[in-house]
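Colleague: Structure provided below as structure tokens; questions to follow.
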Amino acid sequence: MGLPATSRTSSTTGVCEVAICGNPNSGKTTIFNAITGLNQKVANYPGVTVEKVTGRFSVGKEKPQQFTLVDVPGTYSLAAFSPDEYIAASTLYGEAEGRSLPDAIICVIDATSLERGLYLLFQILEIGRPVVVALNMIDLAQRRGIQIDFEKLSRAIGGFPVVPVVGNRGHGIARLKQETARMIAVPPDTTPNGLYDDITENVLAELQSRFGQAHRTRAQHLRIIFDIDGPAEKRFIRKEGPEASSVLNSGRATIREVWTSLSTAETTPLTRMAAEIFNATVTIDHSRKRMLSEKVDRYLLHRLFGPVALLLTMALMFQSIFSWAQPFMEMIDKMFTGLADWAAMLMPEGPMQSLLTDGVIGGVGSVLVFIPQIAILFIFIAVLEDSGYMSRGAFLVDRMFRWCGLSGKSFIPMLSSFACAVPGIMATRTIEDRKLRFITIMVAPLMTCSARLPVYAILIAAFVPYKSYFGLFNLQGIVLMLLYLLGVVVAVAVSFVMSRTFLRTERSTFLMDMPSYKMPTLRSVLIKVLSRVKSFIIRAGTVILAITIIIWALSYYPRSQAVEAEFDRQEAALLVDYDFAKTTALAKLAELVRSQPEDAADASSIITEAFAEAEDEAYLSRLEAQFIADYPAHEALVETLSGLRLLEIQLQKEMLALGNERAGKYLRDSYLGRMGRVVEPAFRPLGWDWKITMATLASFPAREVIIATL
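Structure representation (structure tokens):
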């Protein structure tokens, strides 16, 4: 059945619009990336694509035809029970705001699960648009002994083209684009018929004839019939009025006389037809050995070994964050320190120098130094996603989650929240139960997101010693893992209380598609990691930079001239005392060199160079004792040189203490200090002073800002 003549398609804009859809884990988004060259999050669990993403591709060389490709959220059916399924259905039906029916639809089917993919395909064919079937992972199917007759399959579904592809390698993508362009240029006139029984077809025909076949497709009318109290029915009644409700209920009653329920009336014919086509087009060699995925899952999904393996994987990830990132963090820290010193040398003292060195370079640099840790975190997450292990993790935690009122479907949103709570909350669209979805939304922000990682890192580095156990485990990494686990424990406790009080939920069966294990590609992992790091850098260059400049201004102004003059006087007095003591010591040194043996000058040079490396009095004292033992004839010379270096060390300490006192006085009298002292009483029960209070309040827009503020 073709599209009603009055329906508007995107081809009127000059660029044809193609929708790409498929079951979760069918490789739909991978094929989308291969066709368009765009990069989008690809993961091995249901509902990862919760936003509609578009890209462009062209077909032809001399006069290439342009197409827009819309990535539709993964779904098993067009019956919308969850928000992401509703997005998928509304996009394909042309009901989304600002969208019309697509000019063609690419339906991606996992070749290893053909029968399941055919169910969705039959619903898509009812829309009445040109359809191209992308039979993905054909290489994996062949390794499993699955042979598919592509030509017979094409004839069985009404002559629509079936293109075998391997999305992650790009095989078959060129032909897929060509077939899509051909189907739009010469669209078919019919869709497969005979899927439903005569009673259902008669009810459908009456609904179409009485309530406007011109502005609704056959598929939309079917959704109105089958989805009781669904969004399609509500829109239909709202538009057509009470009479439409009466006709619809009468038709449903007629169908129930033949079928036990409306869902049975829809699913039975589709599943029966899918089974018939599968049996007619697929042959399976059962003599093939068990797949590697099945062998590995015997251990990774074991009731005992599975959770242990998951815990060890998480422990390895957190250990690596500290062990591997440390050299790179030190390098970045030195780079920003050198940059700040260089800027301070080029600029005169004053507000502009302080803004650049303390506000911009110091503030942003204190956050960007954690890029290596964030990159390593997302390397692990990307590898776990692409390898297929992430779905196993959801399966393993389902038992615990069910006990606390959640399910395995909550694992993916909560895991996504380790990166950022926003995509974690958006991922809850895959959860059908509203109460369960709301609980997951409430606990997702309790997960430790990447914005907290710099805060944890600086606290751990400050208070936890760098100790290794058994040459593998680092104490800092263990503490970081425990902080992450603390967020999980609190989230579990909150969900337990909510699910047993005002948001009681019924236990639901958790069904998850376990994808085969795959070797992650370097390109895919790098794309994801670079995307996350880029997002972090942009955040540091925009939100964090703006906040640090504001914090700098509030902490710099106003500057009291009287306070500045008093500290300048104290510094000048210190320098006068130092110059006097140094002059006296140098005069004594000159006298000693003249009166000592001939090698006194050489010894003085060697000792002076060694003493210059001493940064504290204890180390200087040890050096002095060592040189007295090495040069017993020059004991007085060694003591004099040691005294000179001691003067320098004491001057540095006193100047640093005076500088800190000056900075503390400036900060206390600044606008930030005044605001902090006003709100300090409210936070005093927590043991916070006004400095910690203001740093915490400043971190509300971005958690990382607390580091720059402190």
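Using our numbering, the first residue of the sequence shown is number 2, and each one after it goes up by one. Positions of the beta carbon are idealized from the N, C-alpha and C atoms, including for glycine. These numbers come from a predicted model, not from an experiment.
(1) Locate the beta strand (DSSP E) running through Ile106, then write down its first and last residues.
(2) Based on DSSP bridge pairs, tell me the residues matched to Ala135.
(3) Could you check the C-alpha separation between Gly360 and Arg501 for me, to the nearest Å?
(4) Could you round the C-beta distance between Thr92 and Val73 to whole angstroms and report it? I think they count as a contact, below 8 Å.
(5) Smallest Cα separation from Ile200: which of Leu263, Ala135, Gln327 and Tyr120?
(6) Is the stretch 330 to 347 touching the stretch 379 to 398 in the sense that three or more CB pairs, one from each, lie closer than 8 Å?
(7) In terms of DSSP beta bridges, what is Leu70 paired with?
(8) Who pairs with Val712 in a beta bridge, going by DSSP?
(9) Suppose the cutoff is 8 Å on Cβ atoms and the five residues either side in sequence are ignored; what does the same chain contact list for Ser210 look like?
(10) Among Leu593, Ala563, Pro131 and Thr113, which one has its Cα closest to the Cα of Pro165?
(11) Should Trp691 go down as buried or exposed, given a rule of 16 or more other Cβ atoms within 10 Å for buried?
(12) What residues in its chain sit with their C-beta under 8 Å from that of Leu122, if we drop five residues either side in the sequence?
(13) Are Glu618 and Leu576 closer than 8 Å when you measure CB to CB?
(14) Which runs of the beta strand (DSSP E) spanning at least 3 residues fall entirely within the stretch 366 to 420, listed in chain order?
(15) In terms of residue numbering, what span does the alpha helix (DSSP H) encompassing Val361 cover?
(16) Contact between the stretch 396 to 405 and the stretch 532 to 547 is defined here as three or more beta-carbon pairs at a separation below 8 Å; is this criterion met?
(17) Between the stretch 659 to 672 and the stretch 557 to 574, do at least 3 Cβ pairs fall closer than 8 Å?
(18) Using a threshold of 8 Å, state whether the C-beta atoms of Ile362 and Phe337 are closer than that.
(19) Considering just the uninterrupted stretch of the alpha helix (DSSP H) at Met348, what are its terminal residues?
(20) Identify, in the order they occur along the chain, each residue of the same chain with its Cβ nearer than 8 Å to the Cβ of Val639, setting aside the five sequence neighbours on each side.
(21) By DSSP, does Leu483 sit in helix, in strand, or in coil?
(22) For Asp334, which residues from the same chain have a beta carbon less than 7 Å from its beta carbon, with the 5 sequence-adjacent residues on both sides left out?
(23) Under a Cβ-count criterion, where at least 16 other Cβ atoms within 10 Å of its own Cβ denotes burial, should Ile285 be classed as buried or exposed?
(24) At the level of alpha carbons, what is the spacing between Val19 and Gln477?
(25) Below 6 Å CB to CB, which residues in the same chain sit around Gly38 once its five sequence neighbours on both sides are set aside?
(26) Taking the C-alpha atoms as reference points, what is the distance between Ser27 and Asn137?
(27) Where Asn34 and Gly409 are concerned, what is the direct C-alpha to C-alpha distance, given to the nearest angstrom?
(28) Could you tell me the distance, in whole angstroms, from the CA atom of Ala637 to the CA atom of Leu593?
(29) Where does Lys29 land, buried or exposed, given buried means 16+ other C-beta within 10 angstroms?
(30) Please report the straight-line C-alpha distance between Lys296 and Ser418, rounded to a whole angstrom.
(31) Less than 8 Å separating the beta-carbons of Gly1 and Leu313?
(32) Thinking Leu301 and Arg403 are a contact (beta carbons under 8 Å), I'd like their distance in whole angstroms, please.
(33) With DSSP collapsed to three states, give me the class of Tyr558.
(34) According to DSSP, His172 sits in a beta bridge with which residue or residues?
Modeller: To lay it out plainly:
(1) Going by DSSP, Ile106 is part of the beta strand (DSSP E) stretching over Ala105 to Asp111.
(2) Under the DSSP definition of a beta bridge, Ala135 partners with Val109 and Val164.
(3) Whole-angstrom Cα-Cα distance: 49 Å.
(4) Indeed they touch by this definition, with Cβ atoms about 5 Å apart.
(5) Comparing alpha-carbon positions, the option among Leu263, Ala135, Gln327 and Tyr120 lying closest to Ile200 turns out to be Leu263.
(6) The stretch 379 to 398 is not in contact with the stretch 330 to 347.
(7) Answer by DSSP bridge pairing, in chain order: Val19 and Gly56.
(8) The question about residue 712 has no answer, for the chain in this structure spans 2 to 711.
(9) Leaving aside the five residues that flank Ser210 on each side, none in its chain has a CB nearer than 8 Å to its CB.
(10) Minimum Cα distance to Pro165 is reached at Thr113.
(11) Trp691 comes out buried.
(12) Spatial neighbours of Leu122 in its own chain (CB-CB distance under 8 Å, excluding positions within 5 residues in sequence) are listed in chain order as Cys108, Ile110, Val132, Val134 and Ile158.
(13) In this structure, Glu618 lies away from Leu576, with their beta-carbon atoms at least 8 Å apart.
(14) Complete beta strand (DSSP E) runs here, min 3: none at all.
(15) Going by DSSP, Val361 is part of no alpha helix (DSSP H) at all; its letter is neither H nor E.
(16) These segments do not touch.
(17) The stretch 659 to 672, when compared against the stretch 557 to 574, does touch it at the 8 Å Cβ threshold.
(18) Cβ atoms of Ile362 and Phe337: closer than 8 Å.
(19) No alpha helix (DSSP H) holds Met348; DSSP gives it neither H nor E.
(20) Only Ile608, Glu625, Phe628, Ile629 and Tyr632 meet the Cβ criterion.
(21) When DSSP states are grouped into helix, strand and coil, Leu483 belongs to the helix group.
(22) The residues are Val370.
(23) Residue environment analysis places Ile285 among the exposed positions, since fewer than 16 neighbouring C-beta atoms fall within 10 angstroms of its C-beta.
(24) Between the C-alpha atoms of Val19 and Gln477 there is a straight-line separation of about 51 Å.
(25) The answer is none, since no qualifying residue turns up.
(26) Their backbone Cα atoms lie some 7 Å apart in a straight line.
(27) Answer to the nearest angstrom: the Cα atoms are 28 Å apart.
(28) Taking the straight line from one Cα to the other gives about 8 Å.
(29) By the Cβ-count criterion, Lys29 is buried, with 16 or more other Cβ atoms from all chains shown falling within 10 Å of its own Cβ.
(30) Between Lys296 and Ser418, the C-alpha separation is close to 31 Å.
(31) Given that the chain is displayed from residue 2 to residue 711, the structure contains no residue 1 and the question cannot be resolved.
(32) Contact between Leu301 and Arg403 does not hold, since their C-beta atoms are separated by about 20 Å, which reaches or exceeds 8 Å.
(33) For Tyr558, the three-state secondary structure derived from DSSP is coil.
(34) Answer by DSSP bridge pairing, in chain order: Val167.
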